[in-house]
Structure formats: structure tokens, C-alpha cells
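Student: At position 94 of the sequence shown (counting the first as 1) the number is 74 in my numbering, and the numbers step up by one without a gap.
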Amino acid sequence: MKIKVGVFFGGESCEHEISCITANQVLHALDSDKYEVIPVYIAKNRDLYTGDELFDLSNYYSLNELVSKLKKISLVKDGNKVYIKPVKSSLFEKKETIDVAFLAVHGTNGEDGTLQGFMEMMKLPYTSCDVLGSAIGQDKAIMKEIFAYEGIPMVDWTYFYYDDYAKNEASYLSRVAEIGYPVIIKPANLGSSIGIEVAHDEEEFKTKVKEVKEYDLKIVVEKLIQNLKEVNCSVMGSLFDAKASPIEEVLKGDEILSFEDKYVGNAKGSKGAKGAKVPQKGSKGMATTKRKVPADLTDEATSYIKNVSLKVFKALNANGCVRIDFMIDRDTDKIYVNEINTIPGSLAFYLWNEEGIDFSKECDILIENALKRYRIKEKMTFSFDTNILSTFRRK
């Protein structure tokens, strides 16, 4: 019997379209001999839809037109099963069940623990970090606090809420001056390089911070490494059995890797790292990024980055497939962790290709891991078979 996999994607974040690309890759990578695949599209207004049209990325050119062709649905838990229920159902319509949720969402209200919490409430196995790990991974300020506690190396940084900054600008400008210009200013809860700005002096900082607060009122500021090498490492598995991927060096043309560098760049005709085949037609997502795999690093640096990646994975009690982004100061050779992506673009399949794991096999591993984690949690005690309210009686 085939496992019924619901692939969840979309959402209301700024990374909606990137999620659609990742999901389309997953939809075409899942082995149809093993799985019955059900796409579940989360529209920008949070309504849920399904339909065969979601398998073809070319249909996403007009999202409004796409939605008009889809079936609006809800998820219903009945006993130990989760069903897809059409909002407008006919009398003889077949009930569709989901055995496991494959999460291909990015950003706010999807990757940040919100959707994971919903899956926990439904008791539906899912392929990503749990609620807490996802929330910490999304909030760059809290994430850095955890990293600092664990002794994970980072550049000098600070964060603030824009309202506090506006009330006491001089104090915060003094802290930024201590970090030293130039600095990177970024929203605490966005990804895909959206909303990130660079300030080279105080006046530019004042201007840029107003632009960044349009994306998030919680703002992270960190020292910009000017002679920078960016490298990334993916980790896949669970708290008890995790493995680090080969390391990539990201090639860029500006001070920071932009949204266009990641997702537009050399999109036409790109084959990804070392010509790795991308398992879908249309946009190749993170596979369009210019990269060198393996990265040009010493054996010592390679080993260090992999070990730190595993430490980051464990510190957040991560699960599934994540990507940890590093920064190397070419002038000092110091290595710093930038951030973790708990559901990375394209699920970093291009790195696992280098390990001999194609995208289809990666999907197998993530689904197996989700089901195994669910079975473990089912054996744990979360409540007691008691009812203290039974001791209260009406007078």
C-alpha cells in the first residue's frame, strides 16, 4: 500500500513563490511507486487548495487564475486519521487521507513553527524541525542567543525593536558604532535575502533601518565582513542520527548574496552543482545559485565546518534537512556561523547529490525520519488518564 504524502507549500510570507518552486521540485521527486502524492497549496490568504494543476509550475504564472481551477479544502482529524475534506463536497465524494505531511514552506507562518504546531495538533507526522526548533531557526535574534550560549562562533551583532530604536536612537546608534561600520541590517524573521540592507556609516544606517522595518519590527544588525567567503553545509537526519553534507562555496557579485543571486541569477540553462540534474521543469530555485562544490577549503576547515554544523543541528534539536550558512573572513581565516535554514530552498538537494543521494532518495529519508519520529513521540507520556473536574459537583 502506498504512503499518502501531502506536500504543503505556499503561505502568506514574502517567500511564497520560492516555496512553490521548492514544492514543485518535491512533487516531481517523490517516487510514484511508493507514494500517493497530494499537493496542498496554502494561498496567501491562508485558504487551502488541492488539484492536479499544482503539479505544473507553468500554471503558477497567475496565482489568481490558478486558484480558480483548484478545489478548496480543509483538514479534518477523525480518530487516528487526517482527512482532506472539500469545502464544497458532494454526497459520494471519496475521502482522501494523509499519512505524512511533507513541508515545503518558507518564512513566516509556515517555517516558523506555526504550521508545525498545526501538524502536532492533528497528530500528523511531518518532515521538518519541531515547533520550537522551527521557531528559533526563523527568529535570527533568538537563534543567535542560543548560538552564543552554545559557544558557536558569530560576528559581533545586536538586535532591537524598531519602536525602542525610534525612542532612544542615540543609544542604539552608539551600540552599532561599537560593532563598527559597515554593518548588515536584516529583518529578524525573513529569509531568501529579502529586506537585507548594508549601511556604511551612521547616516546611511538611519535611512536603511527605516526600509528594513517595513518587513519586520524586530531588526538584527551585524558586522559586515568585507573580504568575505560564503560557504554552506546541509545536515540531514534527527537528533540521534545526523549527517553533514559536502560544503559549497557560494559565488556572488555584491556585498551580500541577494534574492536575485539566489533565485534569478543564471536560471536559464543552469544545471546546478557539477551539472546535477534538477528534477523538474521551469525555475530551478536555489539550484540557480552560482556555487563551487566542494568548496575550496583546507581539510581542517572542512572538518571544522561539518562539526560546527552538527553542533548547530543538535543545539536546536533539529530534524529533517537543514542548511547552515557560514561566513569566512579571508583576511583572518576566521569562520563564523551566519544562520540556520530549517527548510532550505530546494531542500539543498544539490549538496546531497554530491554525496550520491539524489532528490528522490532525499525525500525517502525525510519521510522515513518523520514517521520514525512520530512513532517515538507516540510512546511518550504527555497526559494522564484522570479527570480532576470529576471531583467537582453541582450544589
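Glycine residues also receive a C-beta, built at the ideal position from the N, C-alpha and C atoms.
I'd like the ranges of any alpha helix (DSSP H) spanning at least 4 consecutive residues and lying wholly in the stretch 157 to 198.
Tutor: 182 to 192
Student: Go through its chain and collect everything with a Cβ distance to LYS257's Cβ below 6 Å, but skip five positions before and after it.
Tutor: Working through the sequence shown from its first residue, we reach residue 257 at position 277. Only weak support exists for where LYS257 lies, its pLDDT of 38 falling under 50; the coordinates are left without a value.
Student: Counting pairs of Cβ atoms below 8 Å between the stretch 144 to 154 and the stretch 208 to 218, do you hit three or more?
Tutor: no
Student: If you draw a straight line from the C-alpha of GLU149 to the C-alpha of GLY175, how long is it?
Tutor: Taking the sequence shown and counting its residues from 1, the one referred to as residue 149 is at position 169. Taking the sequence shown and counting its residues from 1, the one referred to as residue 175 is at position 195. Spanning the two alpha carbons is a distance of roughly 21 Å.
Student: So VAL135 and GLU177 are in contact, right, with Cβ under 8 Å, and what is the actual spacing, rounded?
Tutor: By 1-based counting over the sequence shown, the position of residue 135 is 155. By 1-based counting over the sequence shown, the position of residue 177 is 197. 16 Å between Cβ atoms; not a contact.
Student: Using 8 Å as the threshold, is the stretch 138 to 149 in touch with the stretch 192 to 200, meaning 3 or more CB pairs across them?
Tutor: Yes: the two stretches touch, three or more of their Cβ pairs being nearer than 8 Å.
Student: When you compare the CB positions of LEU208 and MET307, do they come within less than 8 Å of one another, or not?
Tutor: Translated into the one-based positions of the sequence shown, residue 208 becomes position 228. Translated into the one-based positions of the sequence shown, residue 307 becomes position 327. Yes; because the gap between Cβ atoms is below 8 Å, this pair is in contact.
Student: Quick one: which unbroken alpha helix (DSSP H) runs of 4-plus residues sit fully inside the stretch 29 to 62? Chain order, please.
Tutor: Within the stretch 29 to 62, the complete alpha helix (DSSP H) runs of at least 4 residues are 43 to 48.
Student: On a CA-only basis, which of ASP311, ASN39, TYR15, THR2 is nearest LYS(-18)? Give me that one, please.
Tutor: Within the sequence shown, the letter at position 2 stands for residue -18. The shortest C-alpha separation from LYS(-18) is found at TYR15.
Student: In the DSSP assignment, find the beta strand (DSSP E) that holds ALA222 and state where it starts and stops.
Tutor: Translated into positions along the sequence shown, residue 222 becomes position 242. Unbroken beta strand (DSSP E) run through ALA222: 222 to 230.
Student: Going by beta carbon distance, what residues of the same chain come within less than 7 Å of ALA383, once the five residues before and after it are set aside?
Tutor: Look at the range of the chain in this structure, -19 to 375, and you will see that residue 383 is not part of it.
Student: For the putative contact between VAL317 and PHE35, defined by C-beta atoms under 8 Å, what is the C-beta separation to the nearest angstrom?
Tutor: On the sequence shown, residue 317 is found 337 positions in, with the first residue counted as 1. On the sequence shown, residue 35 is found 55 positions in, with the first residue counted as 1. About 37 Å; that fails the 8 Å criterion.
Student: Apply the 10 Å Cβ neighbour rule to LYS166 and answer buried if 16 or more other Cβ atoms are within range, or exposed otherwise.
Tutor: Your numbering for residue 166 matches position 186 in the sequence shown. LYS166 is buried by the Cβ-count criterion.
Student: Give every residue of the same chain whose Cβ lies closer than 6 Å to the Cβ of PRO66, excluding the five residues on either side of it in the sequence, and list them in chain order.
Tutor: For the purposes of this step, residue 66 is taken as the residue at position 86 of the sequence shown. Residues of the same chain with a CB within less than 6 Å of the CB of PRO66, apart from the 5 flanking positions on each side, are LYS51, ILE53 in chain order.
Student: Buried or exposed: which applies to HIS180, given that a residue is buried once 16 or more other Cβ atoms fall within 10 Å of its Cβ?
Tutor: Residue 180 sits at position 200 when you count from the first residue of the sequence shown. HIS180 is classed as exposed because its beta carbon has fewer than 16 other beta carbons within 10 Å across all chains shown.
Student: Looking only at C-alpha atoms, which of GLY117, GLU280, ALA146 sits nearest to ILE315?
Tutor: On the sequence shown, position 335 is the one that residue 315 refers to. Of GLY117, GLU280, ALA146, the residue nearest in Cα terms is GLU280.
Student: With 16 other CB atoms within 10 Å as the buried threshold, where does LYS188 fall?
Tutor: As a first step, residue 188 is located in the sequence shown; it is residue number 208 there, counting from the start. Buried: at least 16 other Cβ atoms inside 10 Å.
Student: Look at the alpha carbon of GLU45 and the alpha carbon of THR107, and state the distance between them as a whole number of angstroms.
Tutor: Locating residue 45 in the sequence shown gives position 65, counting from the first residue. Locating residue 107 in the sequence shown gives position 127, counting from the first residue. Cα to Cα, GLU45 sits roughly 30 Å from THR107.
Student: Where do the N-terminal and C-terminal ends of the beta strand (DSSP E) with ILE308 fall, by residue?
Tutor: Taking the sequence shown and counting its residues from 1, the one referred to as residue 308 is at position 328. Note, ILE308: beta strand (DSSP E), 300 to 309.
Student: Taking LEU43 as the reference, give the member of ASN60, VAL56, GLU(-5), LYS24 with the closest Cα.
Tutor: By one-based count along the sequence shown, residue 43 stands at place 63. When only C-alpha atoms are compared, the closest one is LYS24.
Student: Tell me whether the beta-carbon of ASN89 lies closer than 8 Å to the beta-carbon of SER(-7).
Tutor: For the purposes of this step, residue 89 is taken as residue 109 along the sequence shown, with counting starting at 1. For the purposes of this step, residue -7 is taken as residue 13 along the sequence shown, with counting starting at 1. Result yes, Cβ atoms of ASN89 and SER(-7) sit closer than 8 Å.
Student: Can you say whether THR278 is buried or exposed, counting buried as having 16 or more other CB atoms within 10 angstroms of its CB?
Tutor: Within the sequence shown, residue 278 is the residue found at index 298, counting from 1. It counts as exposed.
Student: Expressed to the nearest angstrom, what Euclidean distance is found between the alpha-carbon atoms of LYS75 and ASN287?
Tutor: Locating residue 75 in the sequence shown gives position 95, counting from the first residue. Locating residue 287 in the sequence shown gives position 307, counting from the first residue. Roughly 46 Å separates the two Cα atoms.
Student: Thinking just about the alpha-carbon of each residue, which of ALA81, SER48, LEU351 is nearest to the one in TYR63?
Tutor: Stepping through the sequence shown from its first residue, residue 63 is reached at position 83. Of the candidates ALA81, SER48, LEU351, the one whose C-alpha sits nearest the C-alpha of TYR63 is ALA81.
Student: Let me check one thing: in DSSP terms, what residues is ARG271 bridge-paired to?
Tutor: Translated into positions along the sequence shown, residue 271 becomes position 291. DSSP, once it has assigned bridges, lists VAL230 as partnering ARG271.
Student: Relative to the C-alpha of LEU55, which candidate in ILE347, ASP338, PRO19, GLU335 has its C-alpha closest?
Tutor: Against the sequence shown, residue 55 aligns to sequence position 75. Here the closest residue by C-alpha is PRO19.
Student: In this structure, how does DSSP classify CYS0 when only helix, strand and coil are distinguished?
Tutor: Taking the sequence shown and counting its residues from 1, one reaches residue 0 at position 20. Three-state DSSP puts CYS0 in a helix.
Student: For the alpha helix (DSSP H) containing VAL288, name the first residue and the last one.
Tutor: Walking along the sequence shown from the start, residue 288 turns up at place 308. It spans 279 to 295 - the alpha helix (DSSP H) in which VAL288 sits, taken as one unbroken run.
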